[in-house]
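Let me begin by presenting the structure, written as structure tokens, before commenting on it.
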Amino acid sequence: MIIQIDNLSKSYAEKTLFSDISVTLTDGDKVGLIGVNGTGKSTFLKILSGYEVADTGLLSMPKQTVIAYLPQVPVYNEDTTVLEDVFYGDSEVMRIIREYEWTSKALEKDAMNEGLQARFTQLTDRMTALDAWSFESQVKTILSKLGVDNYDDKVSSLSGGQQKRIALARALITPSDLLILDEPTNHLDHQTVDWLETYLGGYKGALVMITHDRYFLDRVVNRTLELDEGSMYSYSGNYAQFLEKKLERKERDHTTKEKQAKLYKQELAWMRAGVQARRTKQKARKERFKDLESSLENKNDIGMSIDVGHRRLGTKTIEMEQVTFSYGNGVNLIDGYDFLLDRNDRLGIIGQNGMGKSTFLNVLTGKLKPTSGKVSIGETVSIGYFTQHASELPPEKRAIDFIKDIAEFVTTASGAKITASQMMERFLFDKNLQWNPIGKLSGGERRRLYLLSVLMATPNVLILDEPTNDLDIDTMTILEAYLDEFSGAVIAVSHDRYFLDRVCDRVMSFEQIGQIRMNTGNYSDYMNKWQDEQNALIKTSEIKTDTRTKNVKLKMTYKEQKEFEALDGDIANAEERLTMLDDEMVRCATDFVRLQHLQEEKDALEEVLLTLLERQEYLDDLNERIKSQ
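Heads up, the final residue of the sequence shown is numbered 1856 in the numbering used here, and it's a clean run with no missing numbers.
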């Protein structure tokens, strides 16, 4: 499969996102698409997936190409359950699985209904004929890995993070030639991200994705496309190799920039001399001056240090004493916890979704009152709180005015003043973008503006709740440079492993609900220690069943029982077909076209067999545990 993109351009009103970009995608390409928020990354993916149309240019691919697409904001039917949403599709396999799921649930409520029994038998036979058992098993494995097990819940009742994971599962299970993922790691914990890395590593089609997770990029992609100032640049290799090659390109650009700067100085002197530009040559020089001025202003140096001062922080910071918090449902998200924030803390907070990380921040900052215990905040503490769900920014207000309302300027540690406009430039808002109404900014640009508004208030305790969600890599690099110079305390909730390694020297881990653990070192230090502990538990056979499931009576569902009974036959059929394929490949050793088709079928069948065996192992174990109760 070859996808060819030629001279693609896209604009919105007066803003040009990209112009005349051309690129080729082939099987095996695993592409990371990066660029500053607002450069058109998501728009490019929408065009590639067929959800938007380019202004000009040509997008060509084989007619039979199947595309699976995860949008940044998932789209779903409010009336569907989790499984119905995941199995949404027009193919016969999808339709049969949906009906099979509905019938099996109906039988669990009315097992003696002869009509349901007859239909269930028909569907079971059809599932076998279509080899839908292995497909359904694979889907449930993916959902389980993504932390989704509430199959019968309405999608509309779930959190935004859960909805994104369901949409991701739908994209992953769709047999496709091109897989397009817009921010797939958002709302995923570190263990799920590790699994997704492995899964995508085995994907055989072409993959194009946007992600801010630099470790994820480094481990998955073999090619990087960068959108920068309306142009697209292609780099081979992973993220680390991209950085090396981009640096080489920037150094070449720097040489050109130095030459432009010399010309700029000459032209500036000429313009200020007040020469009357009445002749054509002089008019041309004025136009050339404007071009040079524009090219220099559009260059952003994201590597500059940002040593903004802050308010003095006294010896008393924030302290928790025997704090317990519950939402009144009998579950203590925080249970008798003691905590003292150091003046120069760099604390990362990790844990699965729903464990109480954001609740902890709200209790710590006084937004929520503890059920019991005490939270003390020092008189000199000035908190800057970057929340996960910010209130809507005023859409009519210009970006520069929004920032100036907070502060006209900030003072550096050395006493120099940086204006609001200069700070905006450092955070990648050029002169034109600064004067745009906030409503015209992209979602990522609004998130970046909100971050800058928190920093402009010069806090001495900075709290960041999921700062890496919806922020591009360049903005994260700038934020990290800011935190390098920040002399107050920092607390950051994040699933971004690179960011946690780069910034933090302590990690607070929410292990279970109400169970919080403090660890010295960065994220990698924590993971190494955690892995050592897991290995020790395995060696000494001390892994115990979760106390919450000890008293639950195990049993198979009606559907699982039917699947368990059919597995031996399905596995035998798959093994028999593999033997036949091996024999056929020997006979067709010189027919390379036929041999390739046979190899592709064999590869796919081996994956199916592996899934069946994994499912059999699970159900065998479940069956033994049921017998031993």
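Even for Gly, the Cβ is constructed at its ideal location relative to N, Cα and C.
Short of 8 angstroms in beta carbon distance, which residues of its chain neighbour residue i, apart from the five on each side in sequence? Order them along the chain.
i	result
residue 1375	1309, 1389, 1392, 1393 and 1396
residue 1826	1812
residue 1234	1247, 1248, 1249, 1283, 1284 and 1285
residue 1665	1620, 1621, 1622, 1623, 1624, 1625, 1626, 1629, 1673 and 1676
residue 1850	1783 and 1791
residue 1595	1552, 1586 and 1589
residue 1774	In this prediction, residue 1774 scores a pLDDT of 49, lower than 50, which makes its location untrustworthy; the coordinate-derived value is nonetheless stated afterwards. Once the five neighbours on either side are set aside, residue 1774 has no close Cβ partner at all.
Less than 7 angstroms between the beta carbons of residue i and residue j, yes or no?
i	j	result
residue 1262	residue 1453	yes
residue 1720	residue 1752	no
residue 1872	residue 1254	Residue 1872 is absent from the structure shown; the chain starts at 1228 and stops at 1856.
residue 1330	residue 1346	yes
residue 1288	residue 1230	yes
residue 1611	residue 1708	no
residue 1541	residue 1731	no
residue 1266	residue 1237	no
residue 1440	residue 1466	no
residue 1741	residue 1589	no
residue 1716	residue 1688	yes
residue 1334	residue 1343	yes
residue 1548	residue 1600	yes
residue 1552	residue 1598	yes
residue 1671	residue 1264	yes
residue 1424	residue 1448	no
residue 1555	residue 1245	no
residue 1191	residue 1613	This structure cannot speak to residue 1191, because the chain is shown only from 1228 to 1856.
residue 1278	residue 1382	no
residue 1695	residue 1605	no
residue 1690	residue 1654	no
Name the residue from the options whose alpha carbon lies nearest to the alpha carbon of residue i.
i	options	result
residue 1733	1656, 1571, 1296 and 1300	1571
residue 1327	1386, 1670, 1353 and 1711	1353
residue 1366	1627, 1553, 1783 and 1838	1838
residue 1724	1824, 1578, 1713 and 1668	1578
residue 1797	1766, 1767, 1833 and 1296	1833
residue 1675	1350, 1756 and 1652	1652
residue 1463	1538, 1795, 1398 and 1252	1252
residue 1320	1371, 1401 and 1590	1401
residue 1793	1359, 1698 and 1336	1359
residue 1573	1746, 1404, 1855 and 1616	1746
residue 1809	1799, 1822 and 1800	1822
residue 1647	1632, 1754 and 1468	1632
residue 1802	1828, 1781 and 1787	1828
residue 1405	1431, 1422, 1387 and 1381	1431
residue 1243	1436, 1427, 1455 and 1841	1455
residue 1615	1641, 1815 and 1580	1580
residue 1301	1386, 1355 and 1291	1386
Count the other CB atoms, across all protein chains shown, that sit within 10 Å of the CB of residue i; report buried if there are 16 or more and exposed otherwise.
i	result
residue 1506	Residue placement at residue 1506 cannot be trusted, given a pLDDT of 46 that sits under 50; what the coordinates show is reported in the next sentence. Its Cβ having fewer than 16 others within 10 Å, residue 1506 is exposed.
residue 1728	buried
residue 1311	buried
residue 1451	buried
residue 1703	buried
residue 1722	buried
residue 1418	exposed
residue 1662	exposed
residue 1701	buried
residue 1697	buried
residue 1280	exposed
residue 1268	buried
residue 1762	exposed
residue 1603	exposed
residue 1502	Below a pLDDT of 50, predicted positions are generally treated as unreliable, and residue 1502, at 45, falls in that range; no measurement from the model is reported.
Can you find the residues in the same chain that come closer than 6 angstroms, C-beta to C-beta, to residue i, ignoring five residues on each side of it along the sequence?
i	result
residue 1272	1407 and 1409
residue 1256	1433 and 1450
residue 1361	1835, 1838 and 1839
residue 1800	none
residue 1351	none
residue 1744	1736 and 1738
Who are the near neighbours of residue i in its chain, counting only those whose CB is closer than 7 angstroms to its CB and skipping five residues on each side?
i	result
residue 1363	1324
residue 1276	1294, 1296 and 1407
residue 1562	1551 and 1741
residue 1373	1392, 1395, 1396 and 1419
residue 1584	1576, 1578, 1720 and 1737
Can we count residue i as close to the ligand NAP, meaning its CB is less than 6 angstroms from some heavy atom?
i	result
residue 1829	Ligands are entirely absent from the displayed structure, and the ligand NAP is therefore not among its contents.
4 or more residues per run - each alpha helix (DSSP H) lying fully within the region 1415-1479: Taken in chain order, the complete alpha helix (DSSP H) segments of 4 or more residues contained in the region 1415-1479 are 1417-1428 and 1441-1447.
With a floor of 3 residues, list each beta strand (DSSP E) that falls wholly inside the region 1557-1601, ordered by position along the chain. 1559-1567 and 1573-1578
Can you check the region 1251-1301 for any alpha helix (DSSP H) of at least 4 residues that lies completely inside it and give the ranges in chain order? Annotation note: the region 1251-1301 contains the following uninterrupted alpha helix (DSSP H) runs of length 4 or greater, listed N- to C-terminal: 1268-1276.
Secondary structure, beta strand (DSSP E): runs of 3+ residues fully inside the region 1601-1663: 1610-1613, 1636-1638 and 1644-1646
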